[in-house]
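Chains as they are written, first to last, in the working numbering: chain U, 668 to 1041; chain Y, 227 to 527.
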Amino acid sequence: MSLIKRLKSLFGGESKDVIKNKSAKEAPVKIDIESKDEYSSADEITEEKTDFSVTKNSTTPKYKESTKIESKQNNFKKEDTIKTDTGITHAKEKKLSNEPSKKETFEKEDADKTVSKIESAKDEKLSIDEPVKNEEPVKVEKSESIEIINDESTSKEEKDSEDDVSEDDVKLTVKENEVTEEKDKKGDKMSLLEENLVIRPESVDKEFTQLFVDAGIDTVEHCFQCGTCSGGCPSGRRTPYKVRQVVRKCLMGLKDEVISDPALWMCTTCYTCQERCPRSVKIVEIIKLARNEAAKAGFMAPAHRATGSFVIKTGHGVPINDATKTLRKKVGLSELPPTTHSDAKALEDIRTICKATGFDKLIGYNMETNELME
Amino acid sequence: MEIAYFLGCIMNNRYPGIEKATRILFEKLSIPLKDMEGASCCPAPGVFGSFDKKTWLSIAARNLAIAEEMDSDLMTECNGCFGSLFEANKELQHDSVLKDEINEVLSEVSKEYKGSINVRHFAEVLYNSVGLDKLGELVEKPLNLEVAVHYGCHFLKPSDEIGIDNPERPQILDELVEVTGARSVPYKDKMLCCGAGGGLRARDKDVTLSITKEKLDNMMDANVDAIVEICPFCHMQFDVGQIEVNQKYGTNYQIPVFHLAQLYGLAMGLNKEDLTLDAHEINSDPALAKLVAELDANAAE
């Protein structure tokens, strides 16, 4: 039930013209395809068709509403993430070896891309469009407009498209895009929706969501995306960390997106979100478990591996130093505290525990040399 | 009442004056603090809890098992240790499957977690088991200080599990501070995190310092003489972090930082060397000078 599918169609538009597509309800599909060297348009479309067929089987109507909300959030997130990369220094992340394409796309200069548009439904899309005509009228919901001010102070107004997915059919509507002003020179993009923002079935990992439920954090399913959490988040005010979005993605099973995002590590675990959550979602527990998965997948900052190594080496995350030893003696305390620092057997216990749980391997620690491995 | 005294890391390995003041305080209160021989890092909730829950729980359970062997409730004066050990204790007490899993790990080091003790925070012990009246009797030198009280995060939250005080508008620490004669000054976003937790200080100091600066800005606006907290990690963040904020933002903040135990130490007449205030990055002298001036004025009357 956690497998959510959202279909994103890409919005089309001419660079100079204002396009008003008034026949949205007839469900013509406009698709922007970012033409890349390695893809032909046909390839893209074929790929999308595959997605739809998977969707039919896996989507339940239950999450329709929230899925839409998430898709909007996604747009915001991308913008923020891009900002981050220039504004905030993150520790370098190891890339997941099985997910290189996402990163590559992310790093690409959008401005250099050429965007070609295919207007109106293609023959290939008939399989998608037909059900729409046969179903009840497609719900058209006006969403918040998203305004982006780019460096040339150009603003775009966009109406979100909405995906309506039923158990049997996939209905896809793409609503009009309105361009209220001249677009920026950088590209012909009419939409915030980048190719790399499209969520495809292969990004959805049901087991990821199940992890939270199994760990007793089934309250992840109670979230109705009110945003109270993000509103109170001290890190959210200054970083791209969007706690509401992380919770949503965890519920959707977007494992790779969640665990590869450095912003996941911007939470100070202050619990403000969790305290204020009107649905009593155990948000901090969600974040910590998501981080556990990130750590397993290799997304662990060198500084954090170092902290982990201190505990294996000394039993303390912050071990004693010479200055403090002197200070302790000066005030009449034992030079070493009565902890693992003065108890070799106790330290061995800690090392044994770390071996038993695989913590040494997790952080890449060599028990023989007592050092972190490169 | 006897207490299994859990040290943790930062207090004993960086700010031993906090430990010293606590030992003296509890001696005066006739409450024995028994050392937990061979205890380790708690381990930190937002750091180890974020890396691997099983490792976090196993190491925490080992610490809890040491206190269980001593048949005493465990006390810590670090919010991080409190959060970790309290949460681990609660989770293991209520999940027998998890408890068995963790005990399997502990069996390799001949320990067993039973779930027989409580985890308590220094400030909560003082408030609930000692009481403000008795604490007031210990005050030899009333402290004429305007203080920014910093609760930190893991002392009160998650409040549905910890239940010490209201997490948004608590009183407990303000009352504990004011019993010394100091005044807890209201300031903006008092409940804001210090910025250090969750592994953020290690991983992204810029973000951490940005939060710390906001906190310090608000304290400066309230014109306080000192910061009082109950967490050595917050303590370090306001002490070392304040210098880092000054370097990063070109500010010149010099707000002295006292752990509650050190504040009581001052009220009991201990000197700054006993409290290792002289080893702080931020000079405590302006606050101490104010205290001395107050005492001189009183003596002259």
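Using N, Cα and C, we set each Cβ at its ideal position, and we do this for glycine too.
From a predicted model like this one, the values you see are computed outputs, not experimental measurements.
Residue 380 of chain Y places its beta carbon 8 Å or farther from that of residue 495 of chain Y. Straight-line spacing of the CA atoms in residue 521 of chain Y and residue 256 of chain Y works out to 28 Å.
One finds nothing in chain U with a Cβ atom closer than 9 Å to the Cβ of residue 312 of chain Y; even the nearest lies about 13 Å away. For residue 321 of chain Y, no alpha helix (DSSP H) segment is defined, and its DSSP state is neither H nor E. For the region 273-293 of chain Y, residues whose beta-carbon sits nearer than 7 Å to a beta-carbon of chain U comprise 273, 275, 276, 277, 278, 279, 280, 281, 284, 285 and 288. Chain U places a beta carbon closer than 8 Å to that of residue 383 of chain Y, counting this residue as a contact. Look at residue 1035 of chain U here: in three-state DSSP terms it is coil, with no helix or strand label.
The region 385-393 of chain Y and the region 896-904 of chain U do not touch, with fewer than 3 CB-CB distances between them shorter than 8 Å. By the Cβ neighbour-count rule, residue 326 of chain Y is exposed, with fewer than 16 other Cβ atoms within 10 Å of its own. Residue state for residue 359 of chain Y is assigned as helix, using DSSP reduced to three classes.
The count of Cβ pairs closer than 8 Å, one atom from the region 1005-1017 of chain U and one from the region 489-507 of chain Y, stays below three, leaving the stretches out of contact.
For the region 450-521 of chain Y, the continuous alpha helix (DSSP H) assignments of 4+ residues that do not extend past its boundaries occur at 458-475 and 486-493, in sequence order. The alpha carbon of residue 956 of chain U has as its nearest neighbour, out of U:946, U:870 and U:936, the alpha carbon of U:936.
Judged by DSSP secondary structure, residue 971 of chain U falls within the alpha helix (DSSP H) whose first and last residues are 969-981.
For residue 982 of chain U, a Cβ of chain Y is located within less than 8 Å of the residue's own Cβ. In the DSSP assignment, residue 248 of chain Y falls within the alpha helix (DSSP H) that extends over 242-254.
In the three-state scheme derived from DSSP, where H, G and I count as helix and E and B as strand, residue 372 of chain Y is classed as strand.
Interface flag for residue 938 of chain U against chain Y is set, since a Cβ pair is found closer than 8 Å. Between residue 229 of chain Y and residue 259 of chain Y, the CB-CB gap stays under 8 Å. When the Cα atoms are used, residue 269 of chain Y and residue 343 of chain Y turn out to be separated by approximately 18 Å. Within the DSSP bridge table, the entry for residue 347 of chain Y names Y:302 as partners. CA-CA distance, residue 865 of chain U to residue 960 of chain U, rounds to 23 Å. In the three-state reduction of the DSSP assignment, residue 259 of chain Y falls in the strand class, which pools E and B. If you look at residue 232 of chain Y, you'll find it in the beta strand (DSSP E) that goes 229-232. Apart from the 5 residues on each side of it in sequence, residue 254 of chain Y sits with its Cβ closer than 8 Å to the Cβ of 364 and 494 in its chain, given in chain order. In the three-state scheme derived from DSSP, where H, G and I count as helix and E and B as strand, residue 897 of chain U is classed as helix. The Cβ of residue 327 of chain Y sits no closer than 8 Å to any Cβ of chain U. When 9 Å is used as the limit between beta carbons, residue 1029 of chain U is near these residues of chain Y: 277, 278 and 281, in chain order. Ranked by Cα distance from residue 989 of chain U, the options Y:240, Y:338, Y:335 and Y:354 are led by Y:240. By the C-beta density criterion, residue 917 of chain U is buried, having at least 16 other C-beta atoms within 10 angstroms. Around the CB of residue 236 of chain Y, 16 or more other CB atoms lie within 10 Å, so the residue is classed as buried.
When beta bridges are read from the DSSP output, residue 1006 of chain U appears opposite Y:265. Per the DSSP secondary-structure output, residue 342 of chain Y pairs with nothing in a beta bridge.
Ranked by Cα distance from residue 994 of chain U, the first of Y:246, Y:234, Y:231 and Y:232 is Y:246. Take residue 308 of chain Y, set aside five residues on each side of it, and the residues of its chain with a beta-carbon closer than 7 Å to its own are 302, 345, 347, 380 and 381, in chain order. At a cut-off of 8 Å between C-beta atoms, residue 1010 of chain U counts as an interface residue with respect to chain Y.
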